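Numbering (the working numbering), first residue to last: 96 to 288. Even glycine gets a Cβ: it sits at the ideal position worked out from N, Cα and C. Remember, it's a predicted structure, so these values are computed and weren't measured experimentally.
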Amino acid sequence: MTQRVRRIIVAITGATGAVYGVRLLQMLRELPGVETHLVISDAAVLTLHEETGLARREVEALAHVVHKTHNVGASIASGSFATDAMVIAPCSMKTLAAVAHGLADNLVARAADVTLKERRRLVLMVRETPFNLAHLRNMTAVTEMGGIIFPPLPAFYHRPQTIAELVDHTVARVIDLLGLDVGDMPRWNGLTG
96 MTQRVRRIIV
106 AITGATGAVY
116 GVRLLQMLRE
126 LPGVETHLVI
136 SDAAVLTLHE
146 ETGLARREVE
156 ALAHVVHKTH
166 NVGASIASGS
176 FATDAMVIAP
186 CSMKTLAAVA
196 HGLADNLVAR
206 AADVTLKERR
216 RLVLMVRETP
226 FNLAHLRNMT
236 AVTEMGGIIF
246 PPLPAFYHRP
256 QTIAELVDHT
266 VARVIDLLGL
276 DVGDMPRWNG
286 LTG
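Structural data, given as structure tokens:
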């Protein structure tokens with residue numbers, strides 16, 4: 096019996112936190128039976144280089160399939176193309192607003208719109224602080240449509256020693272939300288006293 100391939104769309108937008116999208120691609124690549132479809136926004140190319148030193152082609156090499164952000168005719172722009180979930184990591188406030196208001200003017204927003212209309216899992220790792228009222232209302236709208244707002248806030252109960260450990264735990268929690276087995280992710284097991 097063959098296992099069905101799980102298709103996960105990963106979008107990286109121009110908000111700070113490009114490392115979350117990169118690490119998500121790396122961790123998903125290690126999971127058997129997972130196929131990633133990547134979209135990088137134009138602004139994300141700048142942020143990726145500034146924050147990680149990586150060029151677009153290096154990040155694209157981590158994905159199984161790469162789609163250009165202006166190609167609204169790509170496979171992931173249609174509900175008839177079976178995918179399991181989409182994660183926008185990080186998700187800029189511009190992208191959040193586009194998703195909240197159904198403005199499918201690029202492939203990131205269109206794929207998110209399709210994910211919602213098909214009742215598939217959509218996770219937005221929103222990156223901004225502090226939030227203004229427009230941000231909060233947009234997050235509420237996406238949540239009401241079935242999306243999951245997941246600001247990449249670190250947990251400390253596992254006593255991380257490095258930034259990499261903080262990033263890995265946050266990304267593992269996102270992968271957990273996709274219904275995929277993340278292995279040895281530290282989990283809260285109650286107080287020890």
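Item, Value
"Inside the region 132 to 174 only - alpha helix (DSSP H) runs reaching at least 4 residues", "137 to 147 and 151 to 155"
"Residue 136 Cβ short of 7 Å to the ligand SAH heavy atom set", "With respect to the ligand SAH, the structure shown offers nothing to examine, as it has no ligands at all."
"Coil, strand or helix - residue 269 by DSSP", "helix"
"Counterpart residues of residue 181 in DSSP-defined beta bridges", "104 and 217"
"Residue 264 classed as buried or exposed, judged by whether at least 16 other C-beta atoms fall within 10 angstroms", "buried"
"Beta-carbon contacts of residue 213 that lie in its chain and below 7 Å, excluding the five residues immediately before and after", "174"
"Residue nearest to residue 281 in terms of C-alpha spacing, selected from 101, 121, 129 and 250", "250"
"Test item: CB-CB of residue 119 and residue 221 under 8 Å", "no"
"Own chain, CB closer than 7 Å to residue 114, minus 5 neighbours either side, in chain order", "146, 147 and 262"
"Anticipated Cβ contact below 8 Å, residue 266 with residue 218, distance rounded", "Wrong, their Cβ atoms sit about 11 Å apart, outside the cutoff."
"Beta-carbon proximity check, residue 204 vs residue 198, cutoff 8 Å", "yes"
"Test item: CB-CB of residue 151 and residue 143 under 8 Å", "yes"
"Beta-carbon proximity of residue 195 to residue 233, cut-off 8 Å", "yes"
"Same chain, Cβ closer than 7 Å to residue 253, neighbours up to 5 away in sequence not counted", "264 and 281"
"Whole-angstrom distance between residue 201 and residue 168, CA atom to CA atom", "10 Å"
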